[in-house]
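Once you know that position 111 of the sequence shown is 641 in the working numbering, the rest is easy, because the numbers rise by one and skip nothing. Glycine is no exception: its CB is placed at the ideal position from the N, C-alpha and C atoms. Only a predicted model underlies this, so the values are computations on that prediction, with no experimental measurement involved.
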Amino acid sequence: MYMRLLTILVALTMSVNTMAQQEPAETIKKALTVVFQDIKPDRIEPSEIPGLYLVTMGAEVFYVSGDGKYLLRGDLIDLKNKNNLSEVQRGVARVDMIKKIKSDEYIEFAPEKTEHVIYVFTDITCAFCQKLQRDIELIKAKGIAVRYLAFPRDGINTPTAKNMESVWCADNRQNAFAAAMVGLGVTEATCKNPVNQHFELGQAMGVRGTPAIFTTDGRYLPGYLPPDELLSAIKNESK
């Protein structure tokens, strides 16, 4: 009898604890929905600060009080360890998104022996994107494979987006991309393509301009980097 009562008490305690943990998340979700309507958080969980909850949507990170009354946007820094906790969470989200990219969606330039892989959101009219592509043989020589994703800076349903769709629909994507990047023009082609999907993915990953480089561990390296600096950044040697 005693053991049965103890078991019931333990079960009730666990149930109460579970409800206590779930309640702030539900409160926060409802509060966000009332204000932002179509918002759908990917995660809501306790942050390192008691009473403050981490909320993620794609690679966007912000914090909300447990009662759903206050929202804080900005990076949470661990002063003792000199670590950007918000960026760590963004990296986790980016890794999940990168893993979902299929091999037939990107245009890859890879060395014979690949030691590092980067994903680059690019625009064929972007001068620094063109500069990065001009360095492609030097980049490959450092063991880096470049996987290009489309990010027409002016948005979808624009001439640039249409041209990038033609590149992705070409019989030889690599040749079409290389030609477009040196201004040789684009041969019009149509097919089912991932350009719009890439654009939306880039926005979710926090792309602010092109080229936007992402490492496989979720780090964001914004802007053009010369091959030597690119390798150091990939290896995180500049940290």
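Inter-residue spacing [alpha-carbon to alpha-carbon] between residue i and residue j
i, j, result
"residue 776", "residue 592", "No information on residue 776 is available, as it lies outside the stretch 531 to 769 that the chain covers here."
"residue 663", "residue 751", "16 Å"
"residue 601", "residue 671", "47 Å"
"residue 643", "residue 673", "6 Å"
"residue 740", "residue 649", "12 Å"
"residue 620", "residue 588", "8 Å"
"residue 634", "residue 645", "20 Å"
"residue 605", "residue 719", "43 Å"
"residue 699", "residue 717", "10 Å"
"residue 657", "residue 723", "24 Å"
"residue 576", "residue 669", "41 Å"
"residue 565", "residue 616", "23 Å"
"residue 613", "residue 607", "6 Å"
"residue 848", "residue 763", "Residue 848 lies beyond the residue range present for the chain, which begins at 531 and ends at 769; the question has no answer from this structure."
Test item: CB-CB of residue i and residue j under 8 Å
i, j, result
"residue 735", "residue 627", "yes"
"residue 748", "residue 625", "yes"
"residue 596", "residue 581", "yes"
"residue 637", "residue 733", "no"
"residue 681", "residue 655", "no"
"residue 675", "residue 641", "yes"
"residue 583", "residue 569", "no"
"residue 679", "residue 728", "yes"
"residue 686", "residue 726", "yes"
Start and end residues, beta strand (DSSP E) containing residue i
i, result
"residue 742", "742-745"
"residue 675", "674-680"
"residue 574", "573-576"
Residue i, buried or exposed, once every other Cβ within 10 Å from all chains shown has been counted against 16
i, result
"residue 623", "buried"
"residue 677", "buried"
"residue 712", "exposed"
"residue 770", "Summary: the structure shown does not reach residue 770, with the chain confined to residues 531 through 769, and so no result is reported for it."
"residue 689", "exposed"
"residue 721", "exposed"
"residue 544", "Bear in mind that a pLDDT of 42 at residue 544, under 50, signals an unreliable position, so the model cannot answer this."
"residue 743", "buried"
"residue 714", "exposed"
"residue 697", "buried"
"residue 745", "buried"
Residue span of the alpha helix (DSSP H) that contains residue i, given as start and end
i, result
"residue 756", "Neither: residue 756 is in no alpha helix (DSSP H) and is coded neither H nor E."
"residue 784", "A question about residue 784 goes unanswered here, because the residues of the chain that appear run from 531 up to 769."
Handout entry: Contained alpha helix (DSSP H) runs [length at least 4] in the segment 586-645, N- to C-terminal order
Key = 615-629
Handout entry: 4-residue-minimum alpha helix (DSSP H) runs that sit fully inside the segment 693-734, ordered along the chain
Key = 703-711
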